[in-house]
Amino acid sequence: MRLSLSSRLFGVVLLGLPLGSAAAAVAAPQAAISASGVAPSRAQERLNQRVFDRVWDEVRRGYYDPSLHGVDWRAARTQFRPQALAAPDERALYRVLNAMLDLLDDGHAAASPPAAVRRQDMQFARRAVMGMTLMRGQTPDDWTVERIRPGSPAEEAGIQLGWALNTVDGQPWGADVEAFDGRPVHLVLTDETGQRRETILTPRIMDAVQPFVADTSRPGVLVLRVEQFDKGLGPWMGSALEGLPPDVDVVLDLRGNPGGRLWEAESVLTCFLPRNQAWATRTGRTGRAVVLRAAGDCGDRRDPLANPVAVLVDQGSRSAAELTPAALQEARRGIVVGERTGGSVLIAQETNLPDGGRLTLSRADFVTAGGTRLEKRGVTPDIAAPRTVAQRRAGDDPTLEAAIAALRGQDRAGAADRPGPL
C-alpha cells in the first residue's frame with residue numbers, strides 16, 4: 138500500500154471529479170449488466186467474487202471512519218455482491234464497485250480497473266496516447282475535454298477544450314478503455330453549441346509529459362508547474378529554487394493537479410515554511426492524532442525560501458493540491474489565486490486488487506494546523522481569478538496575470554518599507 142493524497146484518477150491522462158449522488162450512480166451498473174445480456178464465464182465470476190470481497194472487506198476493516206459515515210455496510214454487500222458476480226466484464230464490475238463506494242460520499246474512495254491502473258502507472262512515460270485529458274462529470278458516462286496535448290492526434294483532429302466526449306468506437310468512454318499505437322478510434326463528441334462532432338484519430342507513441350516544469354520566460358518570475366505530487370517533487374523543487382535571486386517572485390501552479398504523495402506535499406511545504414513548523418493534523422481510524430510538520434525533503438536547502446510566493450488553484454486542484462495552498466495561506470506565507478478547490482482532502486492508501494485493479498481508500502482524516510477541515514469545503518482563494526474555456530483556447534491566462542500583479546504589489550510595498558540611502 139502507498140500512502141497518498143489523491144483524487145479519483147479516471148481520465149485519458151490524469152484527472153477526474155468525484156461522482157454525483159449515490160442514487161444516480163447505483164442505477165448505472167444495474168443498467169449496464171442487464172443491457173449486455175451476457176452472463177460471465179465461471180472464471181470471470183470467481184474473479185469478480187474475489188475482487189468484490191477484497192474491496193468490501195478493506196472498507197469494513199480499514200476505512201478511517203469506523204461508522205462508515207452511517208452506511209449499513211452489510212446491507213451494501215447484500216445489494217451489490219450479486220451484481221458484481223453477474224458482471225460480464227471489467228467495465229460492469231467496476232461500475233458496481235464504484236456505485237457501492239459512492240455510498241461513503243468520499244471523493245477518494247474509488248476502484249480503478251486494471252486498464253486505468255496501467256495508464257496511471259505509465260502516466261509520465263513514453264506511450265501511445267490520443268492526447269486528451271478528460272474531466273469526470275456527474276455520471277460514469279459524462280466526460281469533458283479538459284486539456285489537449287500540443288502536437289497530439291487529438292490536436293491534429295481539431296478537438297477543442299470543453300467538448301463532451303460521447304463515445305469511443307460506439308461505446309461510452311470508461312476507465313477500462315486503452316489506446317494502442319496505430320489502432321484508429323472513432324470518437325463522437327458534442328461541442329459547446331450542442332453540435333455533434335465525429336472524428337477518427339490514430340493514437341501514437343509520444344514522449345513522456347514532464348510532471349514538474351520550471352518556467353523562467355517571464356522577467357522576475359519563476360513559475361513552477363506541478364502536474365501531480367509525484368515521487369521526487371521535493372528535491373526537484375529544492376533544486377529549482379537553489380540560488381534564486383531575492384527579487385524573483387515564485388508562482389506554484391497547481392491547477393488541475395489531482396494530488397499524489399503525502400511525503401511530496403510535506404517536502405514542498407518544507408521549501409517554504411520554517412523546518413518542523415506544524416501545518417496539519419491527521420487522525421486515523423483509532424482516533425490517534427498525528428501532527429504533520431515541515432520536515433520533508435527539499436533537496437539541499439536547509440532554510441525556507443524567503444521570496445514572495447503565490448499559488449494557482451482551480452476546481453481541478455484536489456487533495457495534496459489543496460492542503461499545500463491551505464497551509465501556505467494559513468501561515469501567511471503565500472497568496473492563493475484562482476478558484477475554490479474541489480474539497481477532496483483525506484489521506485488515502487492504494488491497495489492492489491486480485492485482477493490487477495486498485496482500490497483507493499481514505500485511511501485518515503485531515504485538518505489544517507488552525508483546525509480547518511477542508512473536506513467538502515475546499516480552499517477559498519485570496520484573489521478570485523477564474524479562467525474561462527474561451528480564454529484557455531486563446532492562450533490567455535488571467536489567473537497567472539492576477540498572481541503576478543499581486544506579487545509585484547507586494548514587492549512595491551516591501552520596497553517602500555525599506556529605508557532609503559543615508
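Just so you know, we're using the working numbering here: the sequence shown kicks off at 138 and counts up by one.
Backbone N, C-alpha and C define an ideal beta-carbon position, used for all residues, glycine too.
Are residue i and residue j touching if we call contact CB-CB under 8 Å?
i       : j       : result
Gly-397 : Phe-366 : yes
Asn-185 : Ala-236 : no
Val-450 : Thr-478 : yes
Gly-507 : Glu-467 : yes
Gly-433 : Gly-369 : no
Ser-249 : Gly-494 : yes
Val-358 : Asp-386 : yes
Pro-562 : Val-516 : The structure shown has nothing for residue 562, since the chain only spans 138 to 559.
Leu-338 : Ala-294 : yes
Pro-535 : Ala-521 : no
Val-254 : Ser-289 : no
Val-175 : Pro-225 : yes
Pro-203 : Arg-419 : no
Gly-424 : Val-448 : no
Quickly, what does DSSP pair residue i with across the bridge? List them, please.
i       : result
Ser-456 : None, per the DSSP bridge assignment.
Val-504 : Thr-418
Ile-484 : Ala-501
Glu-182 : For Glu-182, which the question treats as bridged, DSSP gives no partner whatsoever.
Leu-324 : Val-305, Thr-336
Thr-270 : Arg-284
Asn-413 : The partner list for Asn-413 (beta bridge, DSSP) is empty, contrary to what the question assumes.
Ile-520 : Val-474
Ile-296 : Paired residue(s): none; Ile-296 is not in a bridge.
Arg-430 : Ala-415
Asn-489 : Arg-495
Phe-349 : Val-363
Using only CA atoms, which one of the options lies nearest to residue i?
i       : options                            : result
Ala-527 : Ala-447, Val-254, Leu-298, Gln-181 : Leu-298
Gly-375 : Gln-414, Leu-399, Leu-442          : Leu-442
Ala-88  : Ser-404, Trp-300, Gly-380          : Because the chain in this structure spans residues 138 to 559, residue 88 falls outside the shown range and cannot be described.
Gly-268 : Gly-274, Thr-276, Leu-399, Val-282 : Val-282
His-206 : Asp-502, Val-516, Gly-532, Pro-535 : Asp-502
Cys-435 : Gly-424, Thr-407, Gly-515          : Thr-407
Arg-191 : Arg-334, Leu-498, Arg-425          : Leu-498
Pro-321 : Asp-242, Arg-334, Ala-291, Trp-400 : Ala-291
Gln-276 : Gly-475, Arg-183, Asp-239          : The question names Gln, but residue 276 is Thr in the sequence shown. Of Gly-475, Arg-183, Asp-239, the residue nearest in Cα terms is Asp-239.
Thr-353 : Arg-334, Gln-332, Glu-335, Pro-382 : Pro-382
Asn-444 : Trp-400, Val-388, Asn-413          : Val-388
Arg-412 : Leu-399, Asp-440, Ala-213          : Asp-440
Arg-211 : Thr-336, Glu-227, Trp-280, Trp-193 : Trp-193
Would you report the Cα separation of residue i and residue j, rounded to the nearest angstrom?
i       : j       : result
Leu-361 : Phe-217 : 44 Å
Asp-384 : Ala-464 : 23 Å
Ile-285 : Ile-296 : 8 Å
Ala-351 : Gln-257 : 23 Å
Arg-500 : Arg-273 : 24 Å
Ala-417 : Gln-547 : 27 Å
Arg-469 : Phe-409 : 11 Å
Glu-315 : Glu-195 : 27 Å
Gln-181 : Arg-510 : 42 Å
Phe-189 : Leu-234 : 7 Å
Leu-544 : Glu-512 : 29 Å
Pro-177 : Leu-230 : 10 Å
Gly-532 : Val-208 : 46 Å
Glu-538 : Pro-251 : 41 Å
Ala-542 : Leu-378 : 21 Å
Val-473 : Asp-318 : 40 Å
His-245 : Arg-438 : 33 Å
Arg-530 : His-323 : 24 Å
Ala-519 : Ala-402 : The question names Ala, yet the displayed sequence has Asp at residue 519. Cα to Cα, the separation comes out at about 21 Å.
Arg-264 : Pro-340 : 10 Å
Pro-166 : Asp-306 : For Pro-166, the predicted structure reports a pLDDT of 45, less than 50, and the residue's modelled location is therefore unreliable. A value from the coordinates is still provided. Between Pro-166 and Asp-306, the C-alpha separation is close to 20 Å.
Gly-475 : Arg-514 : 15 Å
Ala-540 : Pro-356 : 14 Å
Asp-278 : Arg-179 : 28 Å
Val-482 : Asp-242 : 13 Å
Glu-227 : Ala-262 : 24 Å
Thr-336 : Ala-247 : 31 Å
Leu-156 : Ala-223 : Residue confidence for Leu-156 is low, a pLDDT of 29 falling below 50, so the modelled location carries little weight; the figure read from the coordinates is stated next. So the two alpha carbons sit approximately 23 Å from each other.
Pro-287 : Leu-399 : 30 Å
Trp-280 : Arg-232 : 15 Å
Can a CB atom of chain C be found closer than 8 Å to the CB of residue i?
i       : result
Pro-523 : In summary, chain C is missing from the structure at hand, where a single protein chain is found.
Is the segment 384-400 touching the segment 444-455 in the sense that three or more CB pairs, one from each, lie closer than 8 Å?
yes
Would you call the segment 483-499 and the segment 197-217 touching, i.e. three or more CB-CB distances under 8 Å?
yes
Any chance the segment 421-436 sits against the segment 511-526, with 3 or more Cβ pairs inside 8 Å?
no
I want to know whether the segment 324-331 touches the segment 340-357 - three or more CB-CB distances under 8 Å.
no
Assess, as a yes-or-no matter, whether the segment 489-505 is touched by the segment 307-314 under the definition of 3 or more beta carbon pairs within less than 8 Å.
no
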